[in-house]
Each structure stands twice: as C-alpha cells, then as structure tokens.
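Chemist: Structure in structure tokens, see below.
Numbering (the working numbering), first residue to last: 358 to 1149.
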C-alpha cells in the first residue's frame, strides 16, 4: 500500500509539471472547428493529450471537470474569441502567449506579424509576392502558420518573415527580449522582477502588511499582478514603485528604464469616451463647470506631475481632456487658479450615464426569473470578486458591450444578464477567472423572513443551508435548480462518470444522491442529474449567513454628489445611532456593534467624560426622533482608547431590543486593510451645506483612497496615520461633515456589511483633493473585544 502511495505521488508530480506550462482561465472556452475531444479524469491528463497531439500544434485545451471532457485546440485567446461557459476551464500554453524572445528566438511563438520597418509579413505557405525557401513543409516543427514572425533557421538577429512588399524579400522583426527589464509608457503593464528602489531600498512583499500597512492586496487586485516584492504601478504613478522594507521609508520609485521598442497601440476614441475614457483622444478642453483646461505641459496656474514626459502614452496634447491616471472619466487641470482640476463633459460612447453620475438602485435588489430584467447595483461575484466594466476589454476581451446589447443596461461594472443565462453575472477583474454569477438573491418564496438565523452546525443533515461555497454542506436537498432529481453519486446511470464518487472522494458526503460540492465550485453544491440530456446542474441551497444584514438588499446605494449624497431609505442602516446630549440634542453619530455597545469617535466626548451627560437614540430615521421604533438609552460607561486615538466605546445602561430597525453591524478581521478603490458608505444626520435632506438620515458612497495617495502633497500631505484610513470622491462634492463624527463607514464584502471606519476628521467638508479620514476599526478589534469582555 505504501509503495502504491509513492507511485501515485510520483505520477501526480509528473502531471503537475505539465500544468506548469499553462495559464488557466476559469469559466472560459474557445469554439473552433479544428479540435480533438477526449474523456479524461483530470486536467493534468488533458495537458498530456495536448502535449502529445499529432493532428495539429496544440496551443490550448478546455477541461470540463464534471463532464470529464478534454478538448485540445490549435487556437488560443490571441487567435480566437473566448466565450463564457460554466464549469469549463481554458488552459493556454504560456509559450504561445509570450510576445518576447529568449536568445535568438527560435522558440518564439507569439503573434507579431510586422517587420522592423512595419512591413506586413507574408503568409509562410504563400508564394506571393515572394517564393519562399522555408515553408511549413520544409520546417514542420517551426510552427510556420499564418504570417507570424518566426526564426526557423536560427538567424542570429532573431525572428523574421518574408514581407508583402515586392521590393523587400524578407526582414527581421522587432520583438522585445524576455529578459529585458524595461517599461512602456508609465509601466502599468511592467511584469519584470526588479525589487530594489531608486534609493537602494529592498521592496516589501505585496502580500505582507509589515513594516507598512497598505491597501494594495494581491488577492483583491489580481489584475495588477502584485507578485512577490516586484516593482509595479497599480495606481497610475509616473513609473513603477513599491513599499520598502525600511520602516522609515514607506515607498519609493524603482529604477526601470524605458523600452526601445514601440509601446502597444490603442484604438482612440475621438468623439466619446469608452469605459473610464483612458482611450479618449478628442478635443474637448472645457470642464463640467465651463472652465478652460490648463495646458498639460504647463505648470501654471497649477503645478503637477501629469506631464507629457511622465505620461508619454496618454495623449496629453495641448489642453485637451484626458485620463492619464485611471480616474473615473476624462479630466484636466483648469486655468482658474482657484480650481485645481475638474472632470470634463465628454459623452459616453454607449449613451449611458457617465461613470461619476450617481446610481440609485431599485427598492428591492433581487431578481426574478433568470434576472434579465435585473437593474440593481451589485458589482461583486458569488466568490467576492470585483466585476470588470462592461466597456472594458481588460483583463478579459469580450463581445458583451453596451453597443451590442443596448437594452441590457450594461452600466459601469454592475451585474447583469445580457444573454439570457440562468442568473445575473459579470466578467471579473481576476485574469484567471473569466466570469462568475453574482451574489444576488432570487425573490423570497415567503413574505416574511427571520431577522436572525442561529449559527449553523455544519455537517449535520438537519442543516439545510450552506456556508461559503457549500463545500461542507451535508443537507438533504437532492434536486437541482430546475427541479430534476439528482443521480446517486455511486451510480453510472444515466451518466457515466468517475471523477466524483464515494470511492474517489470518501470525505465529501457522496453516500447518496444529495447535492454536494466535492470540487469546491464557487457557485455552490451541485449533482449529476437523472435527466439523460443534462449531465449535471447546480442546486438551490440558501446561505446560512442569510441574516438581516443580507436582507437589507443594498437598498438605494448612492454613489452621488452628510454633503451631497442621498436620503437613506428609512431604517436601511439599522446600526446607525444618534449620540445626543442629556437634553436630547444630536451632535455626533455612532455605530451599534452589540446589543449593549456603541462605537464612536473620542473627540465626540470632549465636552464631558461623565456618562450622565449623554444619551443614545436607536431605531430612528429623522433627527427629531419621533418614530414609534425609537429606543432611548442612557450610558453606563465611557471607555476611551488608551493611547489617545480617536475612537471610543460606549456601554449602554441596558441592552437594545434587536429587531429589523435596530441591529448591530459586523466588525472586520484584526488588522484588515480595505483594498484601494473599494466603495464604502457613510451615513449621518450631519451638516448638509444646502445639498438637501436636512433632518433625515443621509448616505453616500465613495471609494477608499490608499494612505499612500492620501498622504501625498496634493491631498493630505502626510497627516494620515496607519491607524486611520481615507475615503471620498477626490473631486469633492460628497463627504461626511460636522455632526457625522463618530458615525459608521461600512463596506460591503462577502455578502454583508462590515464596519471599517469611524468618522474622525477632514479638512473642510466635500472639498476637492481633501477626502475624509476615519479611524481604521480593524486596528482596534482586539481592544474592543478586551474592553467588552472586561466590562460585561
């Protein structure tokens, strides 16, 4: 038996080596006439089939694990269109995706098809205009397909081709060296391995939070390729940089030279903006308020770093509106000394709302039927991945654009169902996962829902709900979403299979025909079906965590222009409290984190440290607080953070009565850093500065701004500490303000809201380049838990 185990390990090790040569993309496949199909037991076995294919040069394969299908193909994502397919995984050979050469490039298999002088290459099998000496027949192993540059004869100058110019028989191609450490443009696509800065500092690993906390988290920003401790440019700086391992030097630029070869070309938008407008090259030079734009090459009236020299590929001509640094839409510095910059009025190519315009969701953020009519504001997939903008082709090129699906409401990166799939979905920002369904709830079959759900004991048959993807689900459901009875896992009728059986997976609960998730499918439990024409399908298993936090359904999420923002739907933020004087005058906000505990800002307690000086209102929507749902509590204890940080705990004199209008919020994990760009929400009854909604609870949504950016000279100039975080629209217009202090900044993640910040301070209210600052709650989780336990 032990010898057999060793044999299996050796086999697995050999198979694993095969997959190292491939790049995997989940949820993707290629439709092509030229292919071979096999029945296999694993992706590794499929890779062997591709490597030993004799009918064509195999560049990729599709593996469908549940069906045990293996489809080998001569095409890949560079040559053919990639489509969505649930349960499929596309594996592409890395060598055919590389657009650089090693050595003299005899193994180059990229798709460059122009010479150094930009002459188009002749097809290798063609005899016009030049009769070739080297053809696919004379050099069958050189991959002389199409008109791609190749080096079949070992030319010392590298890959070449016959040209379509009758006057020039052949010419070498200009292809970058794979070992060349250089960057194009501002290095946004730099993927090299330099990990030392200009100042000689060693780079900190991106997946580490020591010595510097930061919001550039590789698992959340997979499209930024934040690998190891290599220099990268995830935030639109003039060149790549990194955090350093020196505690006194937070970050530094890296010494990466510019490449000699031509940068990738873009298809310019000349009259309108696609996506964030990065490709806009039109001539609009006036801002939304009618101000003339400042010339990009000028430093007057505003000094800046967005110059043509620093951003050479961004079309910073004259004073035309551009988007060189991944803002939400084209903008410019203005010729008005009093206004540093503003967005421009550039129409959207799809005719929809501009990216910075507010989006108000329907009252119910759920879908009916297959969700084709869903118009909610969810932009997160079932596994928590961020959705790609429908107008963007990065990281996934696709055909589901607003132009081709004008009635599908493909706005921003919101979940939609343009092609009649079974539920709303989106392409993801993870390069390895092409698409996923979204975490949106179908309509509840019952009129009322429980407000709380007891913590489930997973693994017991009586628990008919799933945690996460449901890998531990052991409930009794044995029908698919379409109502078809499941086939027993041990049965081979009507569907033959050998991948998932009680023998192959003895610890996955495959004893009967109940829905299970033996492969940890992100979409949840599934089963083989008793329908001869449908091999397998998913099951409808509710989330164990489907408590009231989720039943809020993200009502009326407001991204618009508390100052600016929107009036909240009554009681949609049930953890919001009003902190008041003993005479009942509102002056600060706070957040209910437990039935008897509130979190607020320490500076709200400057007038007195006596509990009798204050009271708390819960369950209200209006500032006057005359609702029948109002609960009033006095304070039993005030606990200030011992080192003087702007955060404090309030113990109520008696627990609040929890119901749908009074409910605590969830706390984040210890030391968790909210990723840069995450959209969060702040609520309060504070100063509105004439923007409307006075006297009722208001809300607004805006992105988290990484402390590195927030501490730059143009923003808050090193005023923000590690235990604080920034959030706001950098153009201003929306912000928390006086009276909102101590209130919640919550962020939606993994199907619930988490309290990430306590409103602390800011330079004015809703001013451009001056976002709000919040106490970072994750830095105080241990202190909160310790004090609540000690004072229980």
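We treat Cβ as the ideally placed atom computed from N, Cα and C, and that holds for glycine. Note that the structure is predicted; figures quoted are calculated from it, not measured.
What are the residues that DSSP puts in a beta bridge with residue 570?
Modeler: For the purposes of this step, residue 570 is taken as the residue at position 213 of the chain shown. Beta-bridge pairing links residue 570 to no other residue.
Chemist: Buried or exposed, going by whether 16 or more other CB atoms sit within 10 Å of the CB of residue 1135?
Modeler: Here residue 1135 refers to the residue found at position 778 when the chain shown is read from its first residue. Flag for residue 1135 reads buried.
Chemist: Rounded to whole angstroms, what's the CA-CA distance from residue 513 to residue 633? Just pull it up for me.
Modeler: Counting from 1 along the chain shown, the entry for residue 513 is found at position 156. Counting from 1 along the chain shown, the entry for residue 633 is found at position 276. Each residue's Cα considered, the two are about 43 Å apart.
Chemist: When you compare only the Cα positions, how much space is there between residue 1130 and residue 1141?
Modeler: Here residue 1130 refers to the residue found at position 773 of the chain shown. Here residue 1141 refers to the residue found at position 784 of the chain shown. Those two C-alpha atoms are separated by around 20 Å.
Chemist: In whole angstroms, what separates the C-alpha of residue 435 from that of residue 752?
Modeler: Position 78 of the chain shown, counted from the start, is the residue given in the question as residue 435. Position 395 of the chain shown, counted from the start, is the residue given in the question as residue 752. Roughly 13 Å between the two C-alpha positions.
Chemist: Would you give the residue range spanned by the alpha helix (DSSP H) that residue 1066 belongs to?
Modeler: As a first step, residue 1066 must be located in the chain shown, where it is residue number 709. Start and end: 1064 to 1067.
Chemist: Looking at the structure shown, is residue 1106 part of a helix, part of a strand, or coil, going by DSSP?
Modeler: Sequence index remark: in the chain shown, residue 1106 carries index 749 (1-based). Here residue 1106 sits in strand by DSSP.
Chemist: Could you give the C-beta distance for residue 1111 and residue 1025, rounded to a whole number, given that I count them as a contact under 8 Å?
Modeler: Here residue 1111 corresponds to residue number 754 of the chain shown, with the count starting at 1. Here residue 1025 corresponds to residue number 668 of the chain shown, with the count starting at 1. Right, the Cβ-Cβ distance comes to about 5 Å (below 8 Å), so this counts as a contact.
Chemist: Taking 7 Å as the threshold (C-beta atoms), are residue 581 and residue 591 in contact?
Modeler: By one-based count along the chain shown, residue 591 stands at place 234. By one-based count along the chain shown, residue 581 stands at place 224. Yes, the pair counts as a contact, with Cβ atoms nearer than the cut-off.
Chemist: From the DSSP output, in three-state form, read off residue 1031 for me.
Modeler: Locating residue 1031 in the chain shown gives position 674, counting from the first residue. Three-state result, residue 1031: coil.
Chemist: Buried or exposed for residue 1137, going by 16 or more other Cβ atoms inside 10 Å?
Modeler: Within the chain shown, residue 1137 is the residue found at index 780, counting from 1. Buried is the call here.
Chemist: Let's test the definition: count the other Cβ atoms within 10 Å of the Cβ of residue 1070 and tell me whether it reaches 16, buried, or not, exposed.
Modeler: Position 713 of the chain shown, counted from the start, is the residue given in the question as residue 1070. That one is exposed.
Chemist: How far does the beta strand (DSSP E) with residue 444 in it extend, from its first residue to its last?
Modeler: Position 87 of the chain shown, counted from the start, is the residue given in the question as residue 444. Start and end: 439 to 450.
Chemist: Can you give me the Cβ contacts of residue 860 inside the same chain, cut-off strictly under 7 Å, excluding the 5 residues immediately before and after it?
Modeler: Numbered from its first residue, the chain shown carries residue 860 at position 503. Nothing meets the Cβ criterion.
Chemist: Which ranges does the beta strand (DSSP E) cover as unbroken runs of at least 3 residues, wholly within the segment 464 to 541, from first to last along the chain?
Modeler: 517 to 519, 527 to 529
Chemist: Starting from the N-terminal side, write out each stretch of the alpha helix (DSSP H) that is 4 residues or longer and does not extend beyond the segment 745 to 772.
Modeler: DSSP runs (the alpha helix (DSSP H)) wholly in the segment 745 to 772: none.
Chemist: Going by C-alpha distance, which of 1068, 836, 453 is nearest residue 897?
Modeler: The residue given as residue 897 occupies position 540 in the chain shown. The residue with the shortest Cα to Cα distance from residue 897 is 836.
Chemist: Does the distance from the C-beta atom of residue 1008 to that of residue 930 stay below 7 Å?
Modeler: Taking the first residue of the chain shown as 1, we reach residue 1008 at position 651. Taking the first residue of the chain shown as 1, we reach residue 930 at position 573. Not closer than 7 Å, so no.
Chemist: Give the DSSP bridge partners of residue 991, in chain order.
Modeler: Position 634 of the chain shown, counted from the start, is the residue given in the question as residue 991. Beta-bridge pairing by DSSP links residue 991 to 972.
Chemist: Could you give the DSSP three-state label for residue 958: helix, strand or coil?
Modeler: Residue numbering aside, residue 958 sits at position 601 when the chain shown is read from its first letter. Note: residue 958 maps to coil in three-state DSSP.
Chemist: Pull up the CB-CB distance for residue 992 and residue 1037, whole angstroms please, since I reckon it's below 8 Å.
Modeler: Locating residue 992 in the chain shown gives position 635, where the first residue counts as 1. Locating residue 1037 in the chain shown gives position 680, where the first residue counts as 1. Actually they do not touch by this definition, with Cβ atoms about 28 Å apart.
Chemist: Do the CB positions of residue 687 and residue 671 come within less than 7 Å of each other?
Modeler: Looking up residue 687 in the chain shown gives position 330. Looking up residue 671 in the chain shown gives position 314. No Cβ-Cβ contact shorter than 7 Å links residue 687 with residue 671.
Chemist: Expressed to the nearest angstrom, what Euclidean distance is found between the alpha-carbon atoms of residue 649 and residue 656?
Modeler: Indexing the chain shown from 1 puts residue 649 at position 292. Indexing the chain shown from 1 puts residue 656 at position 299. Rounded to the nearest whole angstrom, the CA to CA distance from residue 649 to residue 656 is 15 Å.
Chemist: Run through DSSP, which three-state label would residue 393 get?
Modeler: The sequence position of residue 393 within the chain shown is 36, counting from 1. Three-state DSSP puts residue 393 in a strand.
Chemist: For residue 376, which residues of its own chain have a beta-carbon under 8 Å away from its beta-carbon, when the five flanking residues on both sides are left out?
Modeler: In the chain shown, counting from the first residue as 1, residue 376 sits at position 19. Once the five neighbours on either side are set aside, the close Cβ partners of residue 376 are 400, 401, 404, 448.
Chemist: Taking the alpha-carbon positions, what's the residue 913 to residue 607 distance?
Modeler: The residue labelled residue 913 in the question sits at position 556 within the chain shown. The residue labelled residue 607 in the question sits at position 250 within the chain shown. Bear in mind that a pLDDT of 39 at residue 913, under 50, signals an unreliable position, so the number given afterwards is only what the model happens to contain. Each residue's alpha carbon lies about 38 Å from the other.
Chemist: I'd like to know whether the C-beta atoms of residue 466 and residue 456 end up nearer to each other than 7 Å.
Modeler: Reading the chain shown from its first residue, position 109 is the one you call residue 466. Reading the chain shown from its first residue, position 99 is the one you call residue 456. Not a contact, by the Cβ cut-off of 7 Å.
Chemist: Is residue 579 helix, strand or coil when you go by DSSP?
Modeler: Mapped onto the chain shown, residue 579 falls at position 222. Of the three classes helix, strand and coil, the one that applies to residue 579 here is helix, per DSSP.
Chemist: Could you pull the start and end residues of the beta strand (DSSP E) that residue 793 belongs to?
Modeler: Residue numbering aside, residue 793 sits at position 436 when the chain shown is read from its first letter. Where residue 793 is concerned, the enclosing beta strand (DSSP E) stretches over 792 to 794.
Chemist: Between the Cα of residue 778 and the Cα atoms of 386, 727, 735, which residue gives the shortest distance?
Modeler: Locating residue 778 in the chain shown gives position 421, counting from the first residue. Comparing Cα-Cα distances from residue 778 to each of 386, 727, 735, the minimum goes to 727.
Chemist: Out of 1028, 473, 900, 461, point me to the one whose CA is closest to residue 1229's CA.
Modeler: There is no way to answer for residue 1229, as the model of the chain reaches only from 358 to 1149.
Chemist: Throw me the rounded Cβ distance for the residue 701 and residue 689 pair, which I believe falls under 8 Å.
Modeler: The residue you call residue 701 lines up with position 344 of the chain shown. The residue you call residue 689 lines up with position 332 of the chain shown. Rounded to the nearest angstrom, the Cβ distance from residue 701 to residue 689 is 6 Å, consistent with a contact under 8 Å.
Chemist: Measure the C-alpha to C-alpha separation of residue 873 and residue 638 and round it to an integer number of angstroms.
Modeler: If you number the chain shown from 1, residue 873 lands on position 516. If you number the chain shown from 1, residue 638 lands on position 281. When rounded, the distance between both Cα atoms is 52 Å.
Chemist: What do you get for residue 555, buried or exposed, if any count of 16 or more other CB atoms within 10 angstroms of its CB means buried?
Modeler: The residue you call residue 555 lines up with position 198 of the chain shown. Result: exposed.
Chemist: Enumerate in chain order the residues of its own chain whose CB-to-CB distance from residue 636 is below 7 Å, with the five nearest sequence positions on each side excluded.
Modeler: On the chain shown, position 279 is the one that residue 636 refers to. Taken in chain order, the residues that qualify are 623, 624, 625, 626.
Chemist: Keeping to the same chain, check which residues put their C-beta closer than 6 Å to that of residue 369; ignore five residues upstream and five downstream.
Modeler: Position 12 of the chain shown holds residue 369. With a pLDDT of only 47 at residue 369, under the threshold of 50, the placement of this residue in the model should not be trusted; the figure read from the coordinates follows. Excluding sequence neighbours, residue 369 sits near nothing in its chain.
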